[in-house]
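Engineer: Numbering (the working numbering), first residue to last: 93 to 378.
Ideal placement from N, C-alpha and C gives every residue a C-beta, glycine not left out.
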Ligand SMILES: C[S@@+](CC[C@H](N)C(=O)[O-])C[C@H]1O[C@@H](n2cnc3c(N)ncnc32)[C@H](O)[C@@H]1O
């Protein structure tokens, strides 16, 4: 078997395709680029390069993991979210591009910086800390409280905030959604909670079903269990006029969540689509 980049990439692509991965070529390239510490484009300029044996063995191990349907980002150990590089472990949900739209909308709904006291934003179910860190990075006037029920996830979020130089404004606590939320007068509560109906979990792709933390994806019998709790908790945590912005499952669940927010007393409840045109975000004002 040839040990050139070209040969290794072709072999890895074939292995990943046989494992049922539709993005086999791109994943093969990402895994090799990650090992070599270069971008994917750089690989294509150097296809006749011969790989050292140690790199070849590490690459084979990484490809085997991906063929076992471990998420690409987990094997790489990081994902980019709104321009920030977040470190990932098996304890945290892999950040998704649609959640970047949630952050964008939440930022648009916040009042502009006014030079007074720091507004508080709360990220419920922070996972890797991607939402909390993006909010803090993009609005330097904000203080952010990031909450996760999983102490292991909270530790990852804390480490990410520190590594990004945001540790001074992102406080991470391990707690049930409701615990730290007295009446802090927050300007924003944002959450990408677990929202899949439990019965759907066994039919999900192996990357999600086998490798994402169950507590990050399972939203109870109708998927709305956490969303109901968040609506109530956010009403107590928000200052008058403060914003609750949520990610939900696409379509009917988003509309159901809008009904829950209205029933909890939120005003101006609105829905927003993700980049594929599916209605997936809901927001309202306390
Ligand atoms: C879908 S993940 C979202 C992670 C991250 N915010 C993101 O968008 O990538 C949901 C997160 O909510 C956390 N979670 C689930 N139930 C919770 C609860 N009752 N209180 C706090 N966090 C909870 C999970 O541990 C998980 O990290």
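#1: Could you check if residue 284 belongs to the surroundings of ligand 1, using beta carbon to heavy atom distance under 7 Å?
#2: Would you call residue 219 buried or exposed, if buried means 16 or more other Cβ atoms sit within 10 Å of its Cβ?
#3: Does the segment 102 to 109 come into contact with the segment 136 to 155, if we say contact requires no fewer than three beta-carbon pairs (one atom in each stretch) closer than 8 Å?
#4: Applying the criterion that 16 or more other CB atoms from any shown protein chain within 10 Å of the CB defines a buried residue, is residue 130 buried or exposed?
#5: Curious, which full-length alpha helix (DSSP H) runs of at least 4 residues does the segment 235 to 285 contain?
#6: Per the DSSP calculation, residue 212 is bridged to which residue(s)?
#7: Use the C-beta contact count for residue 119: other C-beta atoms within 10 angstroms, 16 or more gives buried, fewer gives exposed.
#8: What I want to know is whether the C-beta of residue 309 ends up closer than 7 Å to one or more non-hydrogen atoms of ligand 1.
#9: Using 8 Å as the cut-off, can you tell me whether the segment 127 to 147 makes contact with the segment 93 to 102, which would need three or more C-beta pairs spanning the two stretches below that distance?
#10: Considering residue 337, what are the terminal residues of the alpha helix (DSSP H) in which it resides?
#11: Check whether the segment 303 to 315 touches the segment 358 to 378, taking contact to mean three or more Cβ pairs, one atom from each stretch, closer than 8 Å.
#12: Is residue 295 a contact residue of ligand 3, with contact defined as CB to any heavy atom under 7 Å?
#13: Per DSSP, which residues does residue 128 bridge with? Please list them.
#14: Look up residue 310 in the DSSP assignment and give the residues it is bridged to.
#15: Closest to residue 372 by CA distance: which of 352, 123, 356, 341 is it?
#16: Just verifying my parser: in three-state terms, what is the DSSP assignment at residue 223?
#17: Taking DSSP's pairing of strands, which residues face residue 170 in a bridge?
#18: Over what stretch of residues does the beta strand (DSSP E) that includes residue 362 continue unbroken?
#19: Determine the direct distance from the alpha carbon of residue 182 to that of residue 329, and round the result to whole angstroms.
#20: Got a sec: does ligand 1 put a non-hydrogen atom nearer than 7 Å to the Cβ of residue 217?
#21: When DSSP labels each residue in this structure, what does residue 149 get in the three-state scheme?
#22: For the beta strand (DSSP E) containing residue 368, name the first residue and the last one.
#23: On the DSSP bridge list, what partners appear for residue 375?
Structural biologist: By the coordinates alone:
#1: yes
#2: buried
#3: yes
#4: exposed
#5: 243 to 255
#6: 235
#7: buried
#8: yes
#9: yes
#10: Element bounds for residue 337: not the alpha helix (DSSP H) but the beta strand (DSSP E), 330 to 339.
#11: no
#12: What this structure holds is ligand 1, not ligand 3.
#13: DSSP output for residue 128 lists no bridge partner at all.
#14: 288
#15: 341
#16: helix
#17: 179
#18: 359 to 365
#19: 30 Å
#20: yes
#21: helix
#22: Here residue 368 belongs to no beta strand (DSSP E), and DSSP marks it neither H nor E.
#23: 337, 362
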